[in-house]
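Undergrad:
Number of protein chains: 2
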Amino acid sequence: MARKPDLLPGTLDMLILRTLQRAPLHGYGIALQIKRLSDDVLTVEEGSLYPALQRLLLQGWVKAEWKMTETNRRARFYTLTAAGRKQLGVELTQFEQMIEAIGRVLRDVQEA
Amino acid sequence: MARKPDLLPGTLDMLILRTLQRAPLHGYGIALQIKRLSDDVLTVEEGSLYPALQRLLLQGWVKAEWKMTETNRRARFYTLTAAGRKQLGVELTQFEQMIEAIGRVLRDVQEA
DNA sequence: CTCTACCCATAGATAAACTATATATACGCT
DNA sequence: AGCGTATATATAGTTTATCTATGGGTAGAG
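Here's what the structure looks like:
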């Protein structure tokens with residue numbers, strides 16, 4: 001009845017970019033980190049993650065290169081570009097603005 | 113390039129239910145109120161609003177009846193049902209949980 | 001030599017929201 | 001009388017994000 005979404009639609013790109021701002025990372029690692037930092041509230045499914053990364057690549061917000069992980073595995077490491085850093089700023093601002101706006105509607109702030 | 117969404121996907125039903133919790137209202141009025149309370153940050157397009165109201169009706173979360181407005185117009189007034197009140201509670205809780213989780217990811221709270 | 005954790009990727013379905021369009025009426029203005 | 005604007009509902013068709021399901025493949029532990 002009441003579905004339990006894995007994440008809030010429209011926030012995935014922002015979460016990925018923010019994760020990459022801390023350090024370059026591969027897809028699997030990004031998903032794990034988001035899951036862990038959110039205390040398992042947010043889960044990034046693989047079918048959402050990899051298309052999202054393709055989107056970000058196409059937009060030029062991240063770049064990718066194949067490397068070996070510490071555990072000796074081939075993995076594609078994504079790095080935030082300058083444009084990506086800028087985009088992250090835009091998305092963070094917009095997101096905060098929306099959250100505040102939603103808060104106003106939910107709380108029904110009275111005005112003169 | 114950087115799209116400006118009208119609202120955060122996944123929050124519309126909650127916003128409508130919350131608006132109706134204050135008082136029964138017609139579709140047009142709901143959209144106006146959300147827009148105004150949010151200081152024009154949130155805009156509910158008609159193509160989003162009316163399908164959403166149909167959804168809520170089908171789920172039994174609201175009921176509707178035709179009435180006249182104060183300005184002497186035919187309009188369909190929606191009222192929150194008991195089930196709708198309950199659903200609103202669920203959605204509010206989930207939303208807060210998600211927002212907090214996103215906040216943790218964005219702020220990268222350090223733990224032991 | 002099998003199992004689990006790690007890692008990438010895409011095709012297809014679903015659902016929410018958007019754009020565009022259609023209809024209609026009350027009221028004020030000229 | 002005629003026009004424009006704000007009010008009011010509704011749907012068809014498109015787009016886009018996310019999910020489900022599936023397919024690969026490798027390192028290392030047991």
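The listed protein sequences correspond, in order, to chains A and B. When the count follows this note's numbering, it moves up by one through the first sequence with no breaks and lands on 112 for the last residue. When the count follows this note's numbering, it moves up by one through the second sequence with no breaks and lands on 224 for the last residue. We treat Cβ as the ideally placed atom computed from N, Cα and C, and that holds for glycine. These numbers come from a predicted model, not from an experiment.
1. Does the distance from the C-beta atom of L154(B) to that of I142(B) stay below 8 Å?
2. Can you confirm whether the region 165-179 of chain B touches the region 86-96 of chain A when touching is taken to mean that 3 or more C-beta pairs between the two stretches lie within less than 8 Å?
3. Just reading off the beta strand (DSSP E) that V174(B) is part of, what are its end residues?
4. Could you name the residues of chain A that A143(B) contacts, counting a contact when the two beta carbons are closer than 8 Å?
5. Taking 8 Å as the cut-off, decide whether the C-beta atoms of R185(B) and W178(B) are in contact.
6. For P136(B), which residues in chain A fall below 7 Å Cβ to Cβ?
7. If we cut at 8 Å on Cβ distances, does A164(B) have a partner in chain A?
8. Suppose the cutoff is 8 Å on Cβ atoms and the five residues either side in sequence are ignored; what does the same chain contact list for K63(A) look like?
9. At which residues does the beta strand (DSSP E) containing R186(B) begin and terminate?
10. Report, in whole angstroms, the separation of the C-beta atoms of P9(A) and G139(B), which I expect to be a contact under 8 Å.
TA: In this structure, then:
1. Here residue 154(B) is taken as the residue at index 42 of the second sequence, counted from 1. Here residue 142(B) is taken as the residue at index 30 of the second sequence, counted from 1. Against a cut-off of 8 Å, the Cβ pair of I142(B) and L154(B) comes out as no contact.
2. no
3. Position 62 of the second sequence, counted from the first residue, corresponds to residue 174(B). Note, V174(B): beta strand (DSSP E), V174 to M180.
4. Within the second sequence, the letter at position 31 stands for residue 143(B). Residues of chain A passing the Cβ test: none, with the nearest at roughly 12 Å.
5. For this step, residue 185(B) is matched to residue 73 along the second sequence. For this step, residue 178(B) is matched to residue 66 along the second sequence. Contact flag unset, no.
6. Along the second sequence, read from residue 1 onward, the residue named residue 136(B) stands at position 24. The premise fails here: P136(B) is roughly 16 Å from chain A at the closest Cβ pair, so nothing lies under 7 Å.
7. Within the second sequence, residue 164(B) is the residue found at index 52, counting from 1. For A164(B), the answer is no, since every Cβ of chain A falls outside 8 Å of its Cβ.
8. Within the first sequence, residue 63(A) is the residue found at index 63, counting from 1. Once the five neighbours on either side are set aside, the close Cβ partners of K63(A) are L57, Y78, T79 and T81.
9. The count along the second sequence starts at 1 and reaches residue 186(B) at position 74. Unbroken beta strand (DSSP E) run through R186(B): R186 to L192.
10. The residue you call residue 9(A) lines up with position 9 of the first sequence. The residue you call residue 139(B) lines up with position 27 of the second sequence. Actually they do not touch by this definition, with Cβ atoms about 23 Å apart.
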